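Heads up, the thing below is written out as structure tokens.
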Amino acid sequence: MLKETEAILADLISFPTVSSDSNLDMMAWMANWLEHHGAKVELFADASGAKANMFATIGPDVPGGVVLSGHSDVVPVTDQVWHSNPFHLTERDDLLLGRGACDMKGFIAAAIAMADPLSQTPLKRPVHLCFTHDEEVGCMGARALVPELERRGYAPRMAIVGEPTDMKIIEGHKGCCEYTCRFHGLEGHGSAPARGVNAVEYAVRYVTQLMSLAEQLKTRVPANSRFDPPWTTVNVGRLYGGVAHNVIPGFAEVDWEMRPVQSGDAHFVKDALEAYVETELLPAMRKVNPEARIETQVIGEVAGLEPMSDNAARDLVAQLTGNDDCGVVPFSTEGGLFQEMGMSVVICGPGSIAQAHKPDEFVSRQQLSQCLTMLEGIGRSVAA
1 MLKETEAILA DLISFPTVSS DSNLDMMAWM ANWLEHHGAK VELFADASGA
51 KANMFATIGP DVPGGVVLSG HSDVVPVTDQ VWHSNPFHLT ERDDLLLGRG
101 ACDMKGFIAA AIAMADPLSQ TPLKRPVHLC FTHDEEVGCM GARALVPELE
151 RRGYAPRMAI VGEPTDMKII EGHKGCCEYT CRFHGLEGHG SAPARGVNAV
201 EYAVRYVTQL MSLAEQLKTR VPANSRFDPP WTTVNVGRLY GGVAHNVIPG
251 FAEVDWEMRP VQSGDAHFVK DALEAYVETE LLPAMRKVNP EARIETQVIG
301 EVAGLEPMSD NAARDLVAQL TGNDDCGVVP FSTEGGLFQE MGMSVVICGP
351 GSIAQAHKPD EFVSRQQLSQ CLTMLEGIGR SVAA
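Start counting the sequence shown at 1; every next residue gets the next number (UniProt numbering).
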């Protein structure tokens, strides 16, 4: 099984599925493989027609079962110094190198390799293979796919997200919500500030309110939070506006993010900002310019994965791997979206996040083998 997984991984790495480019060729290749080995495959194209999600099912069409989840996109190799072709699988001792080797085509290859033995097993519950686009740029694919799965009545019991964790069990991560806020005021001469609407001034007031909310979030720490830091964080990444010392800026822009430890924190921040904008900022801006406006663009809202005391996926993977040590991580995954769908979720996959996004990215044969052992056990569990 390991040799077949390596061969599949070589094919997957040969598809340069950088997030800015299409993933359709890779999806077509995987669909053909899976259908040939007994899976029912559905492809869901995005609005552009250049990207697609895949949801494949092996076994009976009944509720329950397990989702094996991975994202097809990879980060760019531009300006990185590789010692081999990043889109050609290269062997170095026990390591398999290539863009996406650990993040996360290694797990996808292992899941695909399991299609043949699973299709020949009398499963009592289904195994679903869920492969998405654009995870690296805000989980765009999964955010579109989850409501479609709900609309079609899919109800898996659990999900295994194969992000690179060194095959350690991860049961929680913070969310990641990114926004761009644009302030449209009224330009004018700097000698008469009252005749203009200084967009930078209102952007600064917005950021000041945001920083006040960031301090309040420190008082909302969930009991026994294991994250570092344990509260929801806020970061202002960019503040832009203005053209010269003596010109009232008519436009400003703020890029910011928050990393919620619980979904209620995201609602707390957004509701407070909306109220501040509607009751304080806009009325003041529109006293001078009735056309003044503030627009917020949602760049991405990735749900966090909240650790749960009752987690069937965690318990199953712990049993299969013999590892009861469960942790949390600072990076985001698609796991929170599956949790919102009602599944128990765990993150566990081959490779290390320390290798992801770096030159000479690799996954080891040893961890691929461990992953296959885990997936074989999952197959047994849905056949029992």
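Where a beta carbon is used, it is the ideal one built from N, C-alpha and C, also for glycine. As the structure is a prediction and not an experimental result, all values here were calculated from the model.
Alpha carbon to alpha carbon, how far is G175 from L281? Give it in angstroms, no decimals.
Here the question's residue 281 lines up with position 281 in the sequence shown. Here the question's residue 175 lines up with position 175 in the sequence shown. Cα-Cα distance, rounded: 28 Å.
Identity of the residue in L316, S332, T333, F331 nearest D325 by Cα:
Here residue 325 refers to the residue found at position 325 when the sequence shown is read from its first residue. With distances taken between Cα atoms, D325 lies closest to L316.
Taking the beta carbon of residue 387 as the centre, do at least 16 other beta carbons fall within 10 Å, making it buried, or is it exposed?
The chain is shown only over 1 to 384; residue 387 falls outside these bounds and no answer can be derived.
Where does L186 sit, in a helix, a strand or coil, going by DSSP?
Taking the sequence shown and counting its residues from 1, the one referred to as residue 186 is at position 186. Of the three classes helix, strand and coil, the one that applies to L186 here is strand, per DSSP.
Find the nearest neighbour of A159 within the set H88, H37, G335, L217, judged by alpha-carbon distance.
Walking along the sequence shown from the start, residue 159 turns up at place 159. Closest option to A159, Cα to Cα, is G335.
Does DSSP put S20 in a helix, a strand or coil?
As a first step, residue 20 must be located in the sequence shown, where it is residue number 20. If DSSP states are grouped into helix, strand and coil, S20 belongs with coil.
Nearest residue (CA-CA) to K254, options A303, T180, T165:
Within the sequence shown, residue 254 is the residue found at index 254, counting from 1. Per the sequence presented here, residue 254 reads as Val, with Lys not at that position. Nearest C-alpha to V254: T180.
Reference D73; option with closest CA among G327, M341, C102, A384
Reading the sequence shown from its first residue, position 73 is the one you call residue 73. Looking at the Cα atoms, C102 is the closest of the given residues.
Terminal residues of the beta strand (DSSP E) in which Y240 lies
In the sequence shown, residue 240 corresponds to position 240, counting from 1. Where Y240 is concerned, the enclosing beta strand (DSSP E) stretches over 233-241.
Need the endpoints of the alpha helix (DSSP H) that V75 sits in, please.
Counting from 1 along the sequence shown, the entry for residue 75 is found at position 75. Looking at the DSSP string, V75 is not in any alpha helix (DSSP H), and its letter there is neither H nor E.
Got a sec? Which residues, its chain only, sit under 7 Å from A10 by beta carbon, not counting five neighbours each side?
In the sequence shown, counting from the first residue as 1, residue 10 sits at position 10. Here the set comprises L89.
Threshold first: 4 residues or longer. Then list the alpha helix (DSSP H) segments lying entirely within the region 78-125, N to C.
Correct list: 106-113, 115-119.
With 16 other Cβ atoms within 10 Å as the buried cut-off, status of N32
As a first step, residue 32 is located in the sequence shown; it is residue number 32 there, counting from the start. It counts as exposed.
Counted within 10 angstroms of its Cβ, other Cβ atoms place D25 as buried (16 or more) or exposed:
Translated into the one-based positions of the sequence shown, residue 25 becomes position 25. Exposed, because fewer than 16 other Cβ atoms sit within 10 Å of the Cβ of D25.
Backbone CA spacing between G312 and G241 [nearest angstrom]
As a working note, residue 312 is residue 312 in the sequence shown. As a working note, residue 241 is residue 241 in the sequence shown. For clarity, residue 312 is Ala in the given sequence; the question names Gly instead. Straight across, the Cα-Cα distance linking A312 with G241 is about 50 Å.
Quick one: using the 10 Å Cβ neighbour count with 16 as the cut-off for buried, is S69 buried or exposed?
As a working note, residue 69 is residue 69 in the sequence shown. The residue in question, S69, is buried, as its Cβ has 16 or more Cβ neighbours within 10 Å.
If I'm right that V66 touches V146 with Cβ under 8 Å, what's the distance once you round it to whole angstroms?
Numbered from its first residue, the sequence shown carries residue 66 at position 66. Numbered from its first residue, the sequence shown carries residue 146 at position 146. About 16 Å separates the two Cβ atoms, so there is no contact after all.
Can you have a look at R195 and say buried or exposed, based on whether 16 or more other CB atoms are within 10 angstroms of its CB?
Residue mapping note: residue 195 aligns to position 195 of the sequence shown, counting from 1. Per the 10 Å Cβ criterion, exposed.
If you drop the 5 nearest sequence neighbours on each side, which residues of the same chain put their C-beta closer than 6 Å to that of L320?
What you label residue 320 is simply residue 320 of the sequence shown in a count that begins at 1. Cβ neighbours of L320 beyond the five flanking positions: M374, G377.
Three CB pairs or more closer than 8 Å across the region 160-174 and the region 297-306:
Result yes; three or more Cβ-Cβ pairs closer than 8 Å.
From the DSSP output, in three-state form, read off Y179 for me.
Locating residue 179 in the sequence shown gives position 179, counting from the first residue. Note: Y179 maps to strand in three-state DSSP.
Look at P164 and G327 and say whether their C-beta atoms are less than 7 Å apart.
Here the question's residue 164 lines up with position 164 in the sequence shown. Here the question's residue 327 lines up with position 327 in the sequence shown. Not in contact: P164 and G327 (Cβ atoms no closer than 7 Å).
From H83, V345, S191, A203, residue whose alpha carbon lies closest to that of R293:
Counting from one through the sequence shown, the residue named residue 293 turns up at place 293. When each option's Cα is compared against that of R293, the closest is A203.
Buried or exposed, going by whether 16 or more other CB atoms sit within 10 Å of the CB of M114?
The residue labelled residue 114 in the question sits at position 114 within the sequence shown. Answer is buried; the Cβ neighbour count reaches 16.
Mind checking which residues open and close the beta strand (DSSP E) that includes R152?
Here residue 152 refers to the residue found at position 152 of the sequence shown. Here R152 belongs to no beta strand (DSSP E), and DSSP marks it neither H nor E.
7 Å Cβ shell around R259 - same chain, five flanking residues per side excluded
Position 259 of the sequence shown, counted from the start, is the residue given in the question as residue 259. Cβ neighbours of R259 beyond the five flanking positions: K174, G175, C176, T232, T233.
Closest Cα partner of L368 within the set T219, E291, K105
For the purposes of this step, residue 368 is identified with residue 368 of the sequence shown, where counting begins at 1. Of T219, E291, K105, the residue nearest in Cα terms is K105.
Is T132 near H71, with beta carbons less than 7 Å apart?
Residue mapping note: residue 132 aligns to position 132 of the sequence shown, counting from 1. Residue mapping note: residue 71 aligns to position 71 of the sequence shown, counting from 1. Going by C-beta atoms, T132 is nearer than 7 Å to H71.
Tell me, to the nearest whole angstrom, how far the beta carbon of P230 is from that of V261; I am working on the premise that it is less than 8 Å.
As a working note, residue 230 is residue 230 in the sequence shown. As a working note, residue 261 is residue 261 in the sequence shown. Rounded, the Cβ-Cβ distance is 7 Å, consistent with contact.
Applying the criterion that 16 or more other CB atoms from any shown protein chain within 10 Å of the CB defines a buried residue, is G98 buried or exposed?
Walking along the sequence shown from the start, residue 98 turns up at place 98. G98 comes out buried.
Determine whether the beta carbon atoms of M27 and A56 lie at a separation below 7 Å.
On the sequence shown, position 27 is the one that residue 27 refers to. On the sequence shown, position 56 is the one that residue 56 refers to. Cβ atoms of M27 and A56: not closer than 7 Å.
Length of the line joining the Cα atoms of I248 and M285:
As a first step, residue 248 must be located in the sequence shown, where it is residue number 248. As a first step, residue 285 must be located in the sequence shown, where it is residue number 285. Their Cα atoms are separated by approximately 13 Å.
Bounding residues of the alpha helix (DSSP H) (the contiguous stretch that carries C130):
Working through the sequence shown from its first residue, we reach residue 130 at position 130. From DSSP, C130 is part of no alpha helix (DSSP H) but of the beta strand (DSSP E) over 127-132.
If we count the other Cβ atoms within 10 Å of its Cβ and call it buried at 16 or more, is M211 buried or exposed?
Counting from 1 along the sequence shown, the entry for residue 211 is found at position 211. Exposed.
How is the alpha helix (DSSP H) around G335 delimited, first residue to last?
Mapped onto the sequence shown, residue 335 falls at position 335. For G335, the uninterrupted alpha helix (DSSP H) segment begins and ends at 335-340.
Please determine, among V41, G141, T121, the residue with the shortest C-alpha to C-alpha distance to A50.
Counting from one through the sequence shown, the residue named residue 50 turns up at place 50. Taking only the C-alpha atoms, the option nearest A50 is G141.
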